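Residue numbers (our numbering): 4 to 227.
Using N, Cα and C, we set each Cβ at its ideal position, and we do this for glycine too.
Remember, predicted model here, so these are calculated numbers, not experimental data.
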Ligand code: AMP
């Protein structure tokens with residue numbers, strides 16, 4: 004099963020994505036995660052991407068598009084994939100569509116997590132990343148997923164906050180890009196929504212992201 008995942012930063016799409024990855028044994032491709040791994044490892048890609056990420060800007064398309072389209076050609080994607088964080092704008096959506104068609108790869112589901120901008124912002128500033136698995140849910144502002152002291156509530160790993168999650172201007176910029184329906188991320192989502200409306204293969208699903216994590220997972224699984 005091949006799935007595109009949309010949701011504003013802070014909507015829990017990484018967490019939901021990792022639950023689906025386990026359930027369907029598919030490749031979970033997170034564009035932001037790939038950049039962060041490269042920054043940590045000090046690669047050329049990481050060096051190029053860092054300043055854009057810290058400022059809340061998109062990494063330029065000429066870097067991001069080939070990186071993701073190549074990733075989709077790797078062997079582990081043959082079992083199905085889950086793409087999270089890409090496409091982020093309309094150009095990326097068009098290039099992805101072209102590339103999937105050229106490869107004869109179906110797109111089965113497009114999932115959009117709905118969440119008001121103000122709620123998403125509150126969630127971002129409270130979230131903490133576990134050193135062992137970035138998708139272990141930890142948020143100092145949400146009772147149900149509060150960390151265990153300063154350790155991960157799932158595995159006890161060390162926690163940290165992303166620099167771009169603590170910078171007000173960077174958060175606003177990321178949300179400006181996400182909620183932009185003209186050529187931003189929602190424009191990319193709606194590009195595939197229009198496509199799904201005319202297709203027997205692709206289905207567009209929306210989820211209420213303001214519910215708790217388990218309810219969102221249940222709604223997601225019931226709709227797939
Ligand atoms: P995320 O972990 O999805 O919040 O992504 C973190 C940052 O990585 C974003 O704010 C962008 O700077 C960069 N990034 C992730 N995905 C993309 C993409 N599809 N296009 C351009 N930049 C991206």
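{"Query": "Heavy atom of the ligand AMP within 7 Å of residue 94 beta-carbon", "Result": "no"}
{"Query": "Rounded Cβ spacing between residue 115 and residue 209 (contact assumed at less than 8 Å)", "Result": "5 Å"}
{"Query": "Any chain D beta carbon closer than 8 Å to residue 199", "Result": "Any reference to chain D falls outside this structure, which holds one protein chain only."}
{"Query": "Extent of the continuous beta strand (DSSP E) to which residue 9 belongs", "Result": "5-9"}
{"Query": "Assigned exposure category for residue 87 - 16 Cβ within 10 Å defines buried", "Result": "buried"}
{"Query": "Of the listed residues 17, 39, 41, nearest to residue 30 (C-alpha basis)", "Result": "17"}
{"Query": "Same chain only: Cβ atoms within 8 Å of residue 21, ignoring 5 sequence neighbours per side", "Result": "31, 136, 138"}
{"Query": "Any non-hydrogen atom of the ligand AMP within 7 Å of residue 67 CB", "Result": "yes"}
{"Query": "Exposed unless 16 or more other CB atoms sit within 10 angstroms - verdict on residue 171", "Result": "exposed"}
{"Query": "Proximal residues to residue 74 (C-beta, below 6 Å), its chain only, five neighbours per side dropped", "Result": "32"}
{"Query": "Span of the beta strand (DSSP E), counted from its first residue to its last, around residue 208", "Result": "206-211"}
{"Query": "Residue range of the beta strand (DSSP E) that includes residue 114", "Result": "112-117"}
{"Query": "Neighbour-count burial assignment, residue 142, 16 or more Cβ in a 10 Å radius", "Result": "buried"}
{"Query": "Completely contained alpha helix (DSSP H) runs for the stretch 27-106, where each covers 4 or more residues", "Result": "34-44, 47-58, 64-74, 93-106"}
{"Query": "Beta-bridge partners of residue 162, as assigned by DSSP", "Result": "133"}
{"Query": "Residue range of the alpha helix (DSSP H) that includes residue 139", "Result": "Note, residue 139: premise wrong, no alpha helix (DSSP H); not H, not E."}
{"Query": "Proximity below 8 Å, CB of residue 132 to CB of residue 162", "Result": "yes"}
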